[in-house]
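Asks: If you read the sequence shown in the numbering used here, its first letter stands for residue 3, the second for the next number, and so on. Positions of the beta carbon are idealized from the N, C-alpha and C atoms, including for glycine.
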Amino acid sequence: MVKTMGNVFVMADTVDKAIEKKDPRYTYSFDMLGEASTNWEDANVYYDKYLEAANKFEDSISVKLSAIHPRYELKNYKDVISTMVPKLAAIARVCEENNVTMFIDAEETRRLDISIMVLEELLKTYKFADNTIGFALQAYQKRAFWVIDTLNTLAEHTHSKLHIRLVKGAYWDTEIKQAQQDGLDFPVFTRKEHTDISYLACARKLLHSEYLTCAFATHNPFTVATIQHYTKNKDKEFEFQKLYGMGDGLFEQISQNMPVRIYAPVGEYKDLLAYLIRRLLENGANTSFVFNQKVIDPFIELKKEKKPISDWKTLYKNRINSKGYDLTDPAMIDYMLDTPTHPEQDEEILSVDETIKILTDYQEQWSNTTFEHRAKILLACADSLEEEIISASNRLVKYAFKTYPNAVAEIRETVDFIRYYVEQAEKLYKENIKPSYTGEQNITHYNPRGTWMVISPWNFPYAIFLGPICAALVTGNTVLAKPAPQTLEIAKVIIASMHHVGVPENALRICDPDIEQAAEAVKDERICGVTFTGSHKSAKTIQRLIAERDGPIIPFIAETGGINCMVADSTCLPEQLVQDVTHGAFDSAGQRCSATRYLFLQKENSKTILHMLKHRMKVITLGNSDDLNTDVSRVIDGEAFTKIQERIAQLEENEELIATKSRNGKTLPKLTIPPSAYIVSDYKQYFDEEIFGPLLHVYVYDKNELDEILNFINNSKFGLTLSIHSRVTRFYENVSKKMKVGNVYVNRDQIGAVVETQPFGGYGLSGTGPKAGGPNYLLPYVWEKHISINTTAIGGDTVLLTDDRQT
Ligand code: FDA
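1) Less than 7 Å between the CB of residue 244 and some heavy atom of the ligand FDA, yes or no?
2) Is it buried or exposed, residue 604, if we count other Cβ atoms within 10 angstroms and call 16 or more buried?
3) Enumerate, from N- to C-terminal direction, the unbroken beta strand (DSSP E) stretches of 3 or more residues contained entirely within the segment 75 to 117.
4) Kindly indicate the opening and closing residues of the alpha helix (DSSP H) around residue 469.
5) Do residue 744 and residue 764 have their C-beta atoms closer together than 8 Å?
6) Is DSSP giving residue 130 helix, strand or coil here?
7) Starting from residue 713, follow the alpha helix (DSSP H) in both directions and report where the run begins and ends.
8) Does DSSP put residue 191 in a helix, a strand or coil?
9) Does the distance from the CB of residue 369 to the CB of residue 478 come in under 8 Å?
10) Is it the case that the Cβ atoms of residue 589 and residue 466 are separated by a distance below 8 Å?
11) Using 8 Å as the threshold, is the segment 696 to 715 in touch with the segment 600 to 614, meaning 3 or more CB pairs across them?
12) In the DSSP output, what is residue 165 paired with across the bridge?
13) Would you kindly work out how many angstroms separate the C-alpha atoms of residue 31 and residue 249, rounded to a whole number?
14) If you draw a straight line from the alpha carbon of residue 538 to that of residue 721, how long is it in whole angstroms?
15) Tell me the rounded alpha-carbon separation between residue 582 and residue 751.
16) Grab the span of the beta strand (DSSP E) containing residue 500 for me, first residue to last.
17) What runs of the beta strand (DSSP E), each 3 residues or longer, lie entirely inside the segment 194 to 281?
18) Taking just the CA atoms, how far does residue 475 sit from residue 585?
19) I need the DSSP call for residue 361, collapsed to helix, strand or coil.
20) Could you check the C-alpha separation between residue 525 and residue 470 for me, to the nearest Å?
21) Span of the beta strand (DSSP E) holding residue 31?
22) Do you know how far the Cα of residue 323 is from the Cα of residue 339?
23) Going by other Cβ atoms of all chains shown within 10 Å of its Cβ, with 16 needed for buried, is residue 683 buried or exposed?
24) Would residue 592 and residue 696 be called neighbours here (beta carbons separated by less than 8 Å)?
25) For residue 584, report the span of its beta strand (DSSP E) as first-last.
26) Determine the DSSP secondary structure at residue 431, reduced to helix, strand or coil.
27) Can you tell me whether residue 269 sits near the ligand FDA, meaning its C-beta is under 7 Å from at least one heavy atom of the ligand?
28) May I ask you to check if the CB of residue 112 is nearer than 7 Å to at least one heavy atom of the ligand FDA?
29) Tell me the start and end of each unbroken beta strand (DSSP E) in the segment 350 to 412 that is at least 3 residues and wholly inside, in chain order.
30) Indicate whether the contact test is met: 3 or more Cβ pairs, each with one atom in the segment 376 to 392 and one in the segment 611 to 619, closer than 8 Å.
31) Could you tell me the alpha carbon to alpha carbon distance between residue 734 and residue 416, rounded to whole angstroms?
32) How about residue 484 and residue 515: are their beta carbons less than 8 Å apart?
33) Among residues of its own chain, excluding the 5 on either side of residue 545, which ones have a beta-carbon nearer than 8 Å to its beta-carbon?
34) Would residue 793 and residue 441 be called neighbours here (beta carbons separated by less than 8 Å)?
35) Is residue 124 buried or exposed, if buried means 16 or more other CB atoms sit within 10 Å of its CB?
36) Can you tell which of 371, 197, 145, 309 has the C-alpha that lies nearest to the C-alpha of residue 172?
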């Protein structure tokens, strides 16, 4: 299949063969099929290929910038500019000598700003002949029309002429998914007609621009015809461009009177996949001209009513999704870095006994409030937190050493938890009338259990702290909140702002984070339920304390860690796996309970993957959490640091190191642990304890060993997350079915569960359930009272007797 498609859409596998196949009726722009590289080794290979192609082809070259830098991201702009611009200049120089253009391809929206920054630096630092530098502009971008002004001004100020290739855009589906996921407005149009019209508007603007030369890249006959119309009687220089293998019939005609350039990919089959999938989606899309072969006038099409695509706000049926924060927008980043965290709060912490007394005294009053009243207050808390997302994120960066993207994601998760639990409580209270036979009314009442204790860890000081607190409050329980000592400052601010927004001070109190004090509280019979998130060992201690209490047996929800595995077979996509495993194992310095601890690789492709992993780890940036460039910051405290170092020492002595992120001679912030990965000879050896740090154990397995490994993982009784990488459906279906874990992820990383979308929580040693952010979460927080009323007992069934169906 790949080979057949490759024959259609890829001109040749080598430069020499492509040169032989050139058709004299057309000019060309060759693309070396570079897809985003994950490490410097690949990026350098791609760069050499581009340079070789520029030298050999003597035709235009199209360069994908993500192929020549493994971290082509805005947050990394300093390094991108300093390393990429001289390389581009070298390719452009060759193009200039050949009197052709080096086009910069357009990629995902998040790369638009950085691509303009690269272009600007290139033009400001070097001087090239007119039209040596080309830039692709996507008309599906809502900003496209105005980007033309930026490009025109840039060309004017640098005394150059830029060659602009106007395209519609090839990443539409990815943009839609990404915006929904990140809680951001769509950066692209959501109706095809808008893209078509934007294309025409951009075309007119380009045709009127002084410093820009135009290339119109499209296969749509309506678009082509309209542009022909616009250019009639105009002497402005322009050309059409088409992709190799597409629009042949149309351009055979056009090329007779107008210049047509073919964008021709050149490369080997193994590098084709991403490009071919884009072509496959494009040709198969029911809005695409190529697919339905109908010439559609977008201005007429626009008049038809169409169902809009759900944006981030409307993604969930019964609640507003949390709003995201665009960390690929330079203005947003500046704003975030300049926003101070609000002054810290000095929330009063009373003795455990006094605090429990206040809460229990107030319990009845709080349970007597209506659900609507509690919901209103909690939704106001969610709104206020959403408004405060910047200072709350900054607080996480400062006290919990989170990176900015992780901090923003955690605040969004917290907002989602609150809104979701409110929605679930409403459902619980609404759906309480049970089906009955005539003459009887059956209603279940969901009553609060009483004062509830929430014991939270430091690794998610907002989400894991506030999630259970809100679940307990919304169901009418008063709450004793015990934060982790490491993140007490954050907890104080949270509690103070909840009080400020309207949660009564006596319904929610903070407790001394000291472990002894917390144990006193757990033993106190006035506590009616406990939610704990942390290690299995601590959960066991709490369970024993509860068991020793006299009086009623109370509910205990424990969410504990796991030894999370990623299992890959020989069909997995190495680039995807390497990105997912580095993210899963090292993001947040591995301090997530869902983090990847073990990678099981099948022998057949392990060499390639290990090689890529080693090089990928080199591009991880270590640093202070408040540096936007940092991928991995320090671990939480000295105790955690020592524990991780002990395991590293053990692995260092006995196992083979794959890679450790080198310090590159830099002094790292205190308590930073460079991520490392080791091949272990016996996978069973390190399965006893969860090590909460940036450390990955890798085991290379023989195909025959797989069943034994899966059984071993199951028998370990840890059961939190599992990731499976395979392109064989039967493989991932069988493994997901067999494994006793709470969350299975296929062909993706295994961290970052989203409220409602991925209810989260483990099995066995990893937790008691119910899952956080799932539909069953609230039930332990209430006790159910069922009331049956015999409505016929006092003289007959009035409802039945007056029922219309009697007549
Ligand atoms: P057609 O008229 O069928 O339009 C399809 C386009 O409409 C899709 O590309 C999609 O973006 C858009 N669309 C579909 N449904 C939509 C909806 N509901 N709402 C809004 N928009 C919708 N692309 C890129 O991103 N970067 C690049 O660098 C290049 N380079 C390039 C060079 C050359 C020479 C060509 C010909 C094309 C590219 N492309 C590209 C690809 C280009 O963006 C585009 O995908 C195809 O050319 C298809 O557009 P047509 O006008 O041919 O088809």
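Replies: So, from the listed chains and residues:
1) Yes, the ligand FDA has a heavy atom inside 7 Å of this Cβ.
2) With 16 or more other Cβ atoms within 10 Å, it is buried.
3) Taking 3 residues as the minimum length, the beta strand (DSSP E) runs contained wholly in the segment 75 to 117 are 104 to 106, in order along the chain.
4) Start and end: 465 to 476.
5) With a cutoff of 8 Å on beta-carbon distance, residue 744 and residue 764 are scored as near each other.
6) Residue 130: coil per DSSP, three-state reduction.
7) Per DSSP, the continuous alpha helix (DSSP H) segment holding residue 713 begins and ends at 708 to 717.
8) Here residue 191 sits in coil by DSSP.
9) In this structure, residue 478 lies closer than 8 Å to residue 369 by Cβ.
10) No, the pair does not count as a contact, with Cβ atoms beyond the cut-off.
11) Contact between the segment 696 to 715 and the segment 600 to 614 is present, with at least three C-beta pairs closer than 8 Å.
12) Answer is 136, 215.
13) Taking the straight line from one Cα to the other gives about 16 Å.
14) Distance between the alpha carbons of residue 538 and residue 721: 12 Å.
15) Straight through space, the alpha carbons of residue 751 and residue 582 are spaced by roughly 5 Å.
16) Segment 490 to 503 is the alpha helix (DSSP H) holding residue 500; no beta strand (DSSP E) there.
17) The segment 194 to 281 contains these whole beta strand (DSSP E) runs: 214 to 219, 240 to 245, 262 to 267.
18) Cα-Cα distance, rounded: 35 Å.
19) Three-state result, residue 361: helix.
20) Cα-Cα distance, rounded: 20 Å.
21) Counting along the chain, the beta strand (DSSP E) containing residue 31 begins and ends at 29 to 33.
22) Our two residues, residue 339 and residue 323, have alpha carbons roughly 25 Å apart in a direct line.
23) Around the CB of residue 683, fewer than 16 other CB atoms lie within 10 Å, so the residue is classed as exposed.
24) Result yes, Cβ atoms of residue 592 and residue 696 sit closer than 8 Å.
25) Not the beta strand (DSSP E): residue 584 falls in the alpha helix (DSSP H), residues 576 to 588.
26) If DSSP states are grouped into helix, strand and coil, residue 431 belongs with the helices.
27) Flag unset: Cβ of residue 269 not near the ligand FDA.
28) No, the beta carbon of residue 112 sits no closer than 7 Å to any heavy atom of the ligand FDA.
29) Taking only runs of at least 3 residues, no beta strand (DSSP E) segment lies wholly in the segment 350 to 412.
30) Contact fails: fewer than three Cβ-Cβ distances are below 8 Å.
31) Roughly 31 Å between the two C-alpha positions.
32) Cβ distance < 8 Å, so residue 484 and residue 515 count as in contact.
33) Answer for residue 545: 558, 560, listed in chain order.
34) Taking C-beta atoms as the reference points, residue 793 and residue 441 count as a pair closer than 8 Å.
35) Buried, by the Cβ-count rule.
36) Nearest to residue 172 by C-alpha distance, out of 371, 197, 145, 309, is 197.
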